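Step one of this worksheet: look at the structure below.
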Amino acid sequence: MGKLFIEGGKPLAGKIEISGAKNSAVALIPAALLADGPVVIENLPRIQDVEIYTDILREMGADLLLEDDWIEIDGRSLRPMTMPNGRVKKLRASYYLWGALLGKYGEVSVGLPGGCDLGPRPVDLHIKGFQALGARVENKNGVMSMKAERLRGARIYLDLVSVGATINIMLAAARAEGVTVIENAAREPEIVDVATLLNNMGANIKGAGTDVIRIEGTDHLRGCRHTIIPDRIEAGSYMILAAAARADVTIENVIPKHLESVSAKLREIGVVVSEEDDSIRVIGQDHYRPVDVKTAPYPGFPTDLQQPMTTLLTQVDGPSIITDNIYGSRFRHVDELRRMGAVIKVEGRSAVIEGGSRLFGTRVVASDLRAGIALVIAGLISHGVTEIDGVHHIERGYANLVGKLQSLGATVWKESMEPENIMRGELTDGT
Ligand code: UD1
Numbered sequence: 093m094g095k096l097f098i099e100g101g102k103p104l105a106g107k108i109e110i111s112g113a114k115n116s117a118v119a120l121i122p123a124a125l126l127a128d129g130p131v132v133i134e135n136l137p138r139i140q141d142v143e144i145y146t147d148i149l150r151e152m153g154a155d156l157l158l159e160d161d162w163i164e165i166d167g168r169s170l171r172p173m174t175m176p177n178g179r180v181k182k183l184r185a186s187y188y189l190w191g192a193l194l195g196k197y198g199e200v201s202v203g204l205p206g207g208c209d210l211g212p213r214p215v216d217l218h219i220k221g222f223q224a225l226g227a228r229v230e231n232k233n234g235v236m237s238m239k240a241e242r243l244r245g246a247r248i249y250l251d252l253v254s255v256g257a258t259i260n261i262m263l264a265a266a267r268a269e270g271v272t273v274i275e276n277a278a279r280e281p282e283i284v285d286v287a288t289l290l291n292n293m294g295a296n297i298k299g300a301g302t303d304v305i306r307i308e309g310t311d312h313l314r315g316c317r318h319t320i321i322p323d324r325i326e327a328g329s330y331m332i333l334a335a336a337a338r339a340d341v342t343i344e345n346v347i348p349k350h351l352e353s354v355s356a357k358l359r360e361i362g363v364v365v366s367e368e369d370d371s372i373r374v375i376g377q378d379h380y381r382p383v384d385v386k387t388a389p390y391p392g393f394p395t396d397l398q399q400p401m402t403t404l405l406t407q408v409d410g411p412s413i414i415t416d417n418i419y420g421s422r423f424r425h426v427d428e429l430r431r432m433g434a435v436i437k438v439e440g441r442s443a444v445i446e447g448g449s450r451l452f453g454t455r456v457v458a459s460d461l462r463a464g465i466a467l468v469i470a471g472l473i474s475h476g477v478t479e480i481d482g483v484h485h486i487e488r489g490y491a492n493l494v495g496k497l498q499s500l501g502a503t504v505w506k507e508s509m510e511p512e513n514i515m516r517g518e519l520t521d522g523t
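Taking the working numbering, the leading residue of the sequence shown gets 93, the next gets one more, and so forth.
Have a look at this one:
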């Protein structure tokens, strides 16, 4: 728990090294449990979601070796047990324990997940997938109990494109009997990352990254070594930050292809974006054009960058509209941005943003992870000091945020809630 303080208006420039992808890490960690041997995962982001996941696995008896940026997971010592709420409530991706443990043991009892409050976040597609594989699913006061004598491959059509359901079905199907085909599958790079790990473990998965994925189940998966892909959402956040702060920032350790929709939108506004093999340079400009942004499943513009993008659009010369087609009520950052001087109207699943706003530092609250980074960007370009409460949300997904911002020249520091622990200046955010 703590607060983030930002003294805005400082000139920013430099390089940022991107960490491993959060949304991959939280799927790869449970996926590793499917192996009958140790799995090493490298380029591990040191973020709260990873710490919570490793705590859950330890509680279940898994053998873990957690080093600076890698982890070795040996799921052979795992004790299948009911995990009601507690830690599983702390993160959305705890739902991957359903697919992984159902695949491994044929049964699982794990509570419904928590995670960012972005409005309703149903799990019906996950359940539908497990049932199609032959599992009986019961919701016992919020604990999802699933059991199958034998999981059998099936043809599963997802009514909506869902990252979580696609990965969860892949995890269970990797140990099912026969072939599973997921139609209308999500195509996010993190899905390819999970399929790559499973294939390295000995699974036979084809088509990950397209909307039809074919999984041939197997009885045995072995240990292996895997490197997590770079976090395209962290990278996109820093790209937007550089544009908003009119800074010259090179973002390193990225896969530029994963960020095409973001680069294209920034160029449309008038930002100079250039790509190398594994880095992207963003050069902010004095004047930007207004744009319309619509979020969509990958390769469309990610909903996870809608909130930081809202902050950037307060700085363009005219009104813009941003529509979230994935989470239609993901606008809890808007009230806070308004308190800082932004002029934004929310209409249904859209926000209409007046450009050309002068922002001022004040006390604001990060209601969720990406709302948090939207406020951080706002703080960096504001006049005066911004005080952000709810930092734990931001720490769920941004490794060493304070250190990375300071390396660009930002004046930012974190204070813990206890007055005696207040430290200033050179602090990192503890991740
Ligand atoms: C993942 C990401 C999250 C991102 C989101 C959309 C992780 C850990 N989180 O979340 O950062 O914002 O993708 O890119 O990877 N839906 C249903 N029923 C279901 C499942 C989903 O109706 O059973 C709906 C959701 O409410 C949402 C849409 O489908 O409107 C997409 O959600 P989904 O892709 O499943 O999001 P998550 O996997 O939870």
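From the three backbone atoms N, C-alpha and C, an ideal C-beta is built for every residue, glycine too. Computed from a prediction, not measured in an experiment: that's the story for all the values here.
(message) Could you pull the DSSP bridge partners for A443 from this structure?
(response) Answer is I414, V438.
(request) May I have the straight-line CA-CA distance separating G100 from A278, to the nearest angstrom? (result) Cα-Cα distance, rounded: 38 Å.
(request) Any chance you could list the alpha helix (DSSP H) runs of at least 4 consecutive residues sitting entirely within the segment 463-505, in chain order? (result) As far as the segment 463-505 is concerned, its whole alpha helix (DSSP H) runs of at least 4 residues are 483-487, 493-499.
(message) Please give the ranges of any alpha helix (DSSP H) in the segment 169-240, keeping only runs that are unbroken, at least 4 residues long and fully inside the region.
(response) Those alpha helix (DSSP H) runs which fall completely within the segment 169-240 and span 4+ residues are 188-197, 216-224.
(request) Assign E512 to buried or exposed, taking buried as 16 or more other Cβ atoms, counted over all protein chains shown, within 10 Å of its Cβ. (result) Reliability of the predicted coordinates at E512 is poor, the pLDDT of 46 falling under 50, and no value is obtained from them.
(request) Leaving out five residues on either side along the sequence, give the residues of the same chain with a beta carbon under 6 Å from the beta carbon of D340. (result) These residues qualify, in order along the chain: A105, I375.
(request) Would you mind working out which of L96, G129, S201 sits nearest L317, comparing C-alpha positions? (result) One detail in the question is off: residue 317 reads as Arg in this sequence, not Leu. Comparing Cα positions, the closest option is G129.
(request) Spatial neighbours of G471 within its chain, please: CB distance less than 7 Å, with the 5 preceding and 5 following residues excluded, ordered by chain position. (result) Residues of the same chain with a CB within less than 7 Å of the CB of G471, apart from the 5 flanking positions on each side, are I98, G100, G453, T478, I480 in chain order.
(request) Name the residue from D370, R450, E428 whose alpha carbon lies nearest to the alpha carbon of E109. (result) The option with the nearest alpha carbon to E109 is D370.
(message) Between which two residues does the alpha helix (DSSP H) holding K114 run?
(response) Per DSSP, K114 belongs to the alpha helix (DSSP H) from 114-124.
(message) Going by C-alpha to C-alpha distance, which of L149, A124, S116 sits closest to A295?
(response) That would be A124, whose Cα lies nearest to the Cα of A295.
(message) Given this structure, state the Cα-to-Cα distance separating V385 from G270, to the nearest angstrom.
(response) As the crow flies, the alpha-carbon of V385 is around 42 Å from that of G270.
(request) Starting from D384, follow its DSSP beta bridges and name the residues at the other end. (result) D384 is bridged by DSSP to I413.
(message) Buried or exposed, going by whether 16 or more other CB atoms sit within 10 Å of the CB of S412?
(response) Buried is the call here.
(request) Leaving aside the five residues before and after I275 along the sequence, list all residues of the same chain whose C-beta is less than 6 Å from its C-beta, in chain order. (result) Before going further, note that residue 275 is Glu rather than Ile in the sequence given. Result list for E275: Y249, V304, in chain order.
(message) Tell me the rounded alpha-carbon separation between A337 and K506.
(response) Separation of A337 and K506 (C-alpha to C-alpha, rounded to the nearest whole angstrom) is 21 Å.
(request) Check each candidate in Y490, I121, R431 and name the one with the smallest Cα separation from N260. (result) For N260, the nearest C-alpha among the options comes from I121.
(request) Return helix, strand or coil for S449, following the three-state DSSP convention. (result) It is coil, neither helix nor strand.
(message) Does V426 come out as helix, strand or coil in the three-state DSSP assignment?
(response) Here V426 sits in helix by DSSP.
(request) Report yes if the C-beta distance between A185 and L170 is below 8 Å; otherwise report no. (result) The answer is no: Cβ separation not under 8 Å.
(request) Classify P103 as helix, strand or coil using the three-state DSSP reduction. (result) Correct three-state label for P103: coil.
(message) V200 and M238 - do their beta-carbons sit closer together than 8 Å?
(response) The answer is yes: Cβ separation under 8 Å.
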